[in-house]
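Okay, structure first, notes after.
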Amino acid sequence: MKFLYSDEPIIASSTCNHANAALAVIRISGFKHLSQFLTFFSHSGPIEPRRVYYTKFISGSEVLDDICLTYFEGPKSYNGENILELSIHGNTLNTERILKFFIEHAGCRLAAPGEFTYRALKNKKLTLSQVEGLDLFLNANSGYALDQGLSLLSGNLQEIYSELYDLFLKHKSALELSIDFIDDVGEATAKGYFDSSLENFKNKFETLHRRVIPMEHNLLQPELVIAGLPNSGKSSLFNFILRDERAIVSSIAGTTRDYLSETLVIEGVKYKLIDTAGIRDASDVIEAEGIKRTKQKMQHSFFSILLVNPFEMREEFMELSQLKFDVVYFTHADLPGFDAAKNSVLKIYPQFGSIGAISLTKNIHHFEKELTDSINIKYLSVTKDKPILLDRHKSLISQVSSQLIIYEKLVTYETDVAILSSELNILASCLSELLGIVSPDQILNSIFSNFCIGK
Amino acid sequence: MTFDISIIGGGHAGIEAAHIAAQFGLNVSIITIPGIGLGSAPCNPSVGGVGKGQVVRELDALGGLMGILADKSGIQFRTLNDSKGFAVQSTRVQIDKDLYSQRAEELIATIPNITVIREKVLEIKPIDSVFEIITTVRSYRTKKVIMTVGTFLNGKLHTGSEQTIGGRVGCDSSSGLQTLFSEIKTRPYRFKTGTPPRLDKATIDYSKLEEQPSDSTVRNFHCLHDPFTRFSVQASCYLARTNPETMDIIRNNKEKSPIFNGQIKGVGARYCPSIEDKAFRYPDKNVHHVFIEPEGLELDTMYPSGISSSLPKEVQLDYVRSIEGLEEAEIKVYGYAVEYDVIDTTDLKLTLEHVQIPNLYFAGQVNGTSGYEEAAGQGFIAGANAAVSILGLDPLILSRHESYIGVMIEDLTSNTRDEPYRLFTARSENRLFIREDNSLLRMFPYRSQFLLNSAIDSYQRNFIESYEELMEFCDVTMIPEYSPLMEEFSGEGELQKLTRRMSVSEILRQAWLNPINTLETVLTHHGVTLKHDLIRTVAISKKYDGYIKRSDFQFEKLKKMDSMKLNWETVCGSANISFECRQRIARIKPETFGQLKLIEGIRPATLAVIAAKAL
Numbered sequence: 025m026k027f028l029y030s031d032e033p034i035i036a037s038s039t040c041n042h043a044n045a046a047l048a049v050i051r052i053s054g055f056k057h058l059s060q061f062l063t064f065f066s067h068s069g070p071i072e073p074r075r076v077y078y079t080k081f082i083s084g085s086e087v088l089d090d091i092c093l094t095y096f097e098g099p100k101s102y103n104g105e106n107i108l109e110l111s112i113h114g115n116t117l118n119t120e121r122i123l124k125f126f127i128e129h130a131g132c133r134l135a136a137p138g139e140f141t142y143r144a145l146k147n148k149k150l151t152l153s154q155v156e157g158l159d160l161f162l163n164a165n166s167g168y169a170l171d172q173g174l175s176l177l178s179g180n181l182q183e184i185y186s187e188l189y190d191l192f193l194k195h196k197s198a199l200e201l202s203i204d205f206i207d208d209v210g211e212a213t214a215k216g217y218f219d220s221s222l223e224n225f226k227n228k229f230e231t232l233h234r235r236v237i238p239m240e241h242n243l244l245q246p247e248l249v250i251a252g253l254p255n256s257g258k259s260s261l262f263n264f265i266l267r268d269e270r271a272i273v274s275s276i277a278g279t280t281r282d283y284l285s286e287t288l289v290i291e292g293v294k295y296k297l298i299d300t301a302g303i304r305d306a307s308d309v310i311e312a313e314g315i316k317r318t319k320q321k322m323q324h325s326f327f328s329i330l331l332v333n334p335f336e337m338r339e340e341f342m343e344l345s346q347l348k349f350d351v352v353y354f355t356h357a358d359l360p361g362f363d364a365a366k367n368s369v370l371k372i373y374p375q376f377g378s379i380g381a382i383s384l385t386k387n388i389h390h391f392e393k394e395l396t397d398s399i400n401i402k403y404l405s406v407t408k409d410k411p412i413l414l415d416r417h418k419s420l421i422s423q424v425s426s427q428l429i430i431y432e433k434l435v436t437y438e439t440d441v442a443i444l445s446s447e448l449n450i451l452a453s454c455l456s457e458l459l460g461i462v463s464p465d466q467i468l469n470s471i472f473s474n475f476c477i478g479k
Numbered sequence: 003m004t005f006d007i008s009i010i011g012g013g014h015a016g017i018e019a020a021h022i023a024a025q026f027g028l029n030v031s032i033i034t035i036p037g038i039g040l041g042s043a044p045c046n047p048s049v050g051g052v053g054k055g056q057v058v059r060e061l062d063a064l065g066g067l068m069g070i071l072a073d074k075s076g077i078q079f080r081t082l083n084d085s086k087g088f089a090v091q092s093t094r095v096q097i098d099k100d101l102y103s104q105r106a107e108e109l110i111a112t113i114p115n116i117t118v119i120r121e122k123v124l125e126i127k128p129i130d131s132v133f134e135i136i137t138t139v140r141s142y143r144t145k146k147v148i149m150t151v152g153t154f155l156n157g158k159l160h161t162g163s164e165q166t167i168g169g170r171v172g173c174d175s176s177s178g179l180q181t182l183f184s185e186i187k188t189r190p191y192r193f194k195t196g197t198p199p200r201l202d203k204a205t206i207d208y209s210k211l212e213e214q215p216s217d218s219t220v221r222n223f224h225c226l227h228d229p230f231t232r233f234s235v236q237a238s239c240y241l242a243r244t245n246p247e248t249m250d251i252i253r254n255n256k257e258k259s260p261i262f263n264g265q266i267k268g269v270g271a272r273y274c275p276s277i278e279d280k281a282f283r284y285p286d287k288n289v290h291h292v293f294i295e296p297e298g299l300e301l302d303t304m305y306p307s308g309i310s311s312s313l314p315k316e317v318q319l320d321y322v323r324s325i326e327g328l329e330e331a332e333i334k335v336y337g338y339a340v341e342y343d344v345i346d347t348t349d350l351k352l353t354l355e356h357v358q359i360p361n362l363y364f365a366g367q368v369n370g371t372s373g374y375e376e377a378a379g380q381g382f383i384a385g386a387n388a389a390v391s392i393l394g395l396d397p398l399i400l401s402r403h404e405s406y407i408g409v410m411i412e413d414l415t416s417n418t419r420d421e422p423y424r425l426f427t428a429r430s431e432n433r434l435f436i437r438e439d440n441s442l443l444r445m446f447p448y449r450s451q452f453l454l455n456s457a458i459d460s461y462q463r464n465f466i467e468s469y470e471e472l473m474e475f476c477d478v479t480m481i482p483e484y485s486p487l488m489e490e491f492s493g494e495g496e497l498q499k500l501t502r503r504m505s506v507s508e509i510l511r512q513a514w515l516n517p518i519n520t521l522e523t524v525l526t527h528h529g530v531t532l533k534h535d536l537i538r539t540v541a542i543s544k545k546y547d548g549y550i551k552r553s554d555f556q557f558e559k560l561k562k563m564d565s566m567k568l569n570w571e572t573v574c575g576s577a578n579i580s581f582e583c584r585q586r587i588a589r590i591k592p593e594t595f596g597q598l599k600l601i602e603g604i605r606p607a608t609l610a611v612i613a614a615k616a617l
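Residue numbers (my numbering), protein chains in the order written: chain G, 25 to 479; chain U, 3 to 617.
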């Protein structure tokens with residue numbers, strides 16, 4: 025996608041387009057004069073910016089809808105352009121008809137995804153970080169993500185980056201001082217500036233770096249993965265948690281070919297609950313693919329649950345037992361001989377020392393509480409240090425971190441300051457990307473491709 | 003009388019311009035104010051320095067004059083940043099001022115197609131596609147004019163409340179640019195520079211100062227001179243220091259300082275501060291270096307570098323005598339500040355030709371730079387371009403990624419400066435490559451484009467050939483494991499043991515080895531004797547190879563962004579960019595994102611917006 029859009033007025037519905045609702049909001053942005061639209065409204069007096077007018081929406085003599093309109097005059101508007109906002113009745117047919125009307129009669133075109141916000145960026149109403157923050161805010165799956173989105177939107181993180189960049193520049197100038205102005209300042213003073221400025225930068229950076237937690241915890245949409253050998257009861261658990269017959273349940277091992285996912289809300293956080301295919305040495309091609317994907321899913325999961333059916337152990341369990349799980353449960357606890365079966369498994373796999381035993385028919389509510397509590401505790405502990413959620417920021421901060429390690433190592437043994445300075449420039453370019461100064465093509469594309477029409 | 007090229011001013015820019023233009027066989031004149039020798043040095047008695055030594059060597063490789071003159075008049079040689087890596091090492095030569103100017107006069111006199119005219123210029127006007135230059139004596143016609151007028155445009159000197167008209171002490175000044183050229187706009191402000199009081203050589207107690215003798219291992223500038231043979235007896239410099247008393251004297255006389263009492267309106271350079279600037283800008287710092295440098299072997303004055311001042315005479319004497327070793331010092335010439343007009347260099351092309359007035363060029367301090375080397379570099383560019391333009395050859399434009407001269411010219415023409423411009427190595431993005439040792443390699447492609455055939459041209463061709471051979475030798479020659487050579491190259495540390503077979507190139511990259519000595523050892527081992535200059539260039543090139551590649555990779559990423567074309571008119575038409583930014587953009591008319599980035603006062607946020615828009 026390329027953002028070489030023409031400057032003509034754009035229009036979109038800013039509310040849900042897929043279902044009927046009481047109201048829908050249509051926004052038109054980037055027109056020269058409000059007067060070009062006035063014939064479509066019954067209102068006859070002047071229209072002042074930022075005031076709501078109740079009026080009829082008319083085409084010739086025909087009344088199409090009763091609406092409220094608000095005019096936001098550029099540059100004091102969301103994206104710096106003239107914006108007209110119409111609250112109309114939210115039948116999807118009505119919304120479509122009005123959109124079509126503006127496209128056919130008023131020289132508007134349908135906005136591309138994120139184009140309103142793109143214009144805000146273009147017009148300096150928002151910085152890159154703010155746009156990212158808006159994206160996060162609008163698509164947040166948890167209160168924490170909502171907060172961080174807002175924090176980005178209000179420029180807080182950007183401020184931290186700026187401060188970091190300032191400290192970097194101080195260090196950079198200390199280094200340059202020791203090359204170009206050493207006669208003026210003297211060796212000892214220059215060394216002092218150099219050391220203290222590096223220390224300050226490192227400290228500030230470490231605080232930021234601590235907020236980048238490993239990639240497998242994708243907190244934007246945390247995933248709960250249920251894994252286990254075939255017929256260990258994964259789909260039953262999945263369905264039970266969701267109170268839904270979503271997964272096809274049968275006692276034939278390998279019924280769940282791929283994985284199924286559904287949204288689950290625990291303490292205000294939206295999780296993606298995933299039921300994986302069983303892991304076993306399958307000759308069936310589709311099954312094999314499913315197993316591969318299970319392992320991948322495991323790698324990126326936020327929380328993983330292993331289910332063990334002690335009556336049906338196979339060799340492949342070895343492979344499973346080496347992965348790291350947050351909780352392990354033995355299933356089929358209601359069947360006779362369960363304890364003996366469980367104990368024989370534990371002899372081979374002592375690492376599953378203290379684990380729960382469940383039956384999907386007994387004790388299930390107690391178990392459910394225990395499970396959701398441990399998920400929530402993990403979530404709270406992970407978000408405690410205000411981790412950074414956006415991948416672009418995370419990967420840039422990690423880049424800065426690895427370059428900083430190279431640089432610090434060089435500082436200890438390299439006496440050639442020109443080399444130090446050259447390595448420092450590499451650090452500078454990671455930092456300026458973080459600030460959004462150097463913006464490679466893909467940044468904008470990746471951001472705006474997430475946006476829905478109307479934002 | 004008619005000329006192809008006339009140069010107004012015979013300073014470091016002027017003689018460099020004349021010298022290169024004359025190599026093309028054109029008829030050249032230097033018109034200079036009477037009473038001042040060619041290539042005189044009114045401020046510090048030295049040539050080179052950090053970033054500037056590189057310029058002198060670049061000039062020398064291009065066929066310039068400055069390196070030859072500095073060698074011939076050099077009385078103390080030093081390598082600055084000696085311990086900090088080859089890329090930032092720079093040669094500085096203390097020159098005998100009289101000798102330097104004398105050698106310049108002699109050398110210019112041997113060139114038959116340069117006429118030196120010692121008359122004051124009153125007016126220059128375009129007539130039928132040529133210029134008429136009217137002096138106090140007569141008038142001349144010329145195809146091209148190069149203005150190298152230094153600080154003489156409306157020059158005004160300040161020492162305390164005393165103010166005199168002149169471009170420097172004891173000299174006349176020229177009229178303002180408006181009188182010379184009614185069409186040219188000068189900037190609404192002026193620049194200021196200063197010079198310290200000159201001390202009587204015989205009145206200094208050298209036993210209390212730290213002596214800095216000449217370093218015999220420093221190489222001469224000119225490539226055809228033997229690197230270590232000096233043309234003159236050598237002398238020493240001395241290091242003195244200011245103390246709390248010195249700084250208090252200055253601080254107590256704030257109201258008498260023309261810089262601080264409002265008498266001087268011109269803007270001085272932050273990086274070349276007067277002692278008053280130092281006193282008030284760094285109120286906690288009382289110890290500043292003062293280098294006591296000889297102005298010449300026969301001259302009876304010493305130049306105390308670091309205490310330039312425009313304070314009243316009695317205050318100057320006071321603070322000088324508060325410095326240890328200078329208690330009995332007498333001042334021969336008092337320090338002063340000079341204010342002068344500068345032109346807006348964004349009106350110049352990369353050839354230093356004026357955009358609105360074709361065939362008129364500007365070079366040197368009138369362009370707002372400070373330093374003899376910066377002036378000489380510009381003089382060369384203006385002189386060469388005036389000449390090749392007459393002959394219909396390609397213009398000489400040095401890239402900023404290959405030379406400090408290129409850095410300077412691009413900085414000047416892309417940006418309105420609000421203080422005097424001085425080169426230093428931090429101005430270059432490509433410092434690991436723009437070094438003194440490889441100036442010849444970097445400049446050869448440009449020099450050879452002139453199609454001249456002098457002694458330096460054949461020297462350079464031979465050098466390049468041998469360089470390429472030796473570079474290849476390093477790549478293909480392997481040092482076997484467990485060999486005595488390998489053992490010699492292994493260092494003390496655990497990680498410094500060399501245990502496998504390696505090419506010479508690889509060995510030269512090892513951080514603990516001095517690449518020059520190492521390559522020399524290898525060559526001796528192979529029974530090869532080569533010129534030290536050559537070994538040096540190859541060894542250092544190999545040493546930096548990997549780092550240059552890393553930074554090139556980074557640079558390529560940036561360059562992709564920088565080379566992005568943009569339409570400045572559209573950018574300026576955008577209501578979303580601040581008025582101030584639009585003004586700057588409209589003045590500079592950047593064609594690419596890279597040029598836009600160099601504009602001073604463009605904020606990162608603006609860049610991000612424009613970057614986003616251009617995608």
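All C-beta atoms in this analysis are idealised placements derived from N, C-alpha and C, irrespective of residue type, glycine included.
Practice prompt. Mind listing the chain G neighbours of His291/U? Cutoff is C-beta to C-beta under 8 Å, in chain order.
Written response: The CB of His291/U comes closer than 8 Å to the CB of Asp207, Asp208 and Gly210 in chain G, given here in chain order.
Item to complete: Quick one: grab the DSSP three-state call for Asp350/G.
Response: Correct three-state label for Asp350/G: coil.
Item to complete: Give every residue of the same chain whose Cβ lies closer than 7 Å to the Cβ of Gly55/U, excluding the five residues on either side of it in the sequence, and list them in chain order.
Response: Ser92, Thr93, Arg94 and Glu438
Worksheet item: Are the Cβ atoms of Ala428/U and Ala442/G separated by less than 7 Å?
Response: no
Worksheet item: At what residues does the alpha helix (DSSP H) containing Thr436/G begin and finish?
Response: Here the alpha helix (DSSP H) through Thr436/G covers Asp415 to Tyr437.
Discussion item. By the three-class DSSP mapping on this structure, what secondary structure does Ile265/G have?
Written reply: helix
Discussion item. Between Glu183/G and chain U, is the shortest Cβ-Cβ distance under 7 Å, so that the two count as touching?
Written reply: no
Worksheet entry | Continuous alpha helix (DSSP H) stretch holding Gln451/U: start and end | From DSSP, Gln451/U is part of no alpha helix (DSSP H); its letter is neither H nor E.
Item to complete: Using a Cβ cut-off of 8 Å, pull out every chain G residue sitting near Arg433/U, in sequence order please.
Response: Ala442, Ser445 and Ser446
Worksheet item: By DSSP, does Ala164/G sit in helix, in strand, or in coil?
Response: coil
Worksheet item: Quick one: what does DSSP say Tyr284/U is sitting in, helix, strand or coil?
Response: coil
Fill in: Which of helix, strand or coil DSSP assigns to Cys476/U
helix
Discussion item. Quick check: Ala457/U and Ala15/U, are their CB atoms within less than 7 Å of each other?
Written reply: No; because the gap between Cβ atoms is not below 7 Å, this pair is not in contact.
Discussion item. Need the endpoints of the alpha helix (DSSP H) that Asp219/G sits in, please.
Written reply: Glu211 to His233
Worksheet item: Looking at chain G, which residues of the region 83-105 of chain U have a Cβ within less than 8 Å of any of its Cβ atoms?
Response: Asn83, Ser85, Lys86, Gly87, Phe88, Ala89 and Val90
Worksheet entry | Helix, strand or coil at Pro411/G according to DSSP, with G and I counted as helix | coil
Worksheet item: In the structure shown, what three-state DSSP assignment does Lys267/U receive?
Response: coil
Practice prompt. Could you pull the start and end residues of the beta strand (DSSP E) that Tyr1/U belongs to?
Written response: Nothing in the structure corresponds to residue 1/U, since chain U is present only between 3 and 617.
Worksheet item: What do you reckon, are the CB atoms on Leu47/G and Gly114/G nearer than 7 Å?
Response: yes
Discussion item. Tell me the residue span of the beta strand (DSSP E) that contains Arg51/G.
Written reply: Leu47 to Ser53
Discussion item. When you compare the CB of Leu600/U with every CB in chain G, is at least one pair closer than 7 Å?
Written reply: no
Fill in: Min CB distance Thr427/U to chain G below 7 Å
yes
Worksheet item: For the beta strand (DSSP E) that Tyr189/G lies in, which residues bound it at each end?
Response: First-last for Tyr189/G: Asn180 to Asp204, but that is the alpha helix (DSSP H), not the beta strand (DSSP E).
Fill in: Run of the alpha helix (DSSP H) containing Glu108/U, from where it starts to where it stops
Lys99 to Ala111
Worksheet item: So, helix, strand or coil for Thr181/U, using DSSP?
Response: helix
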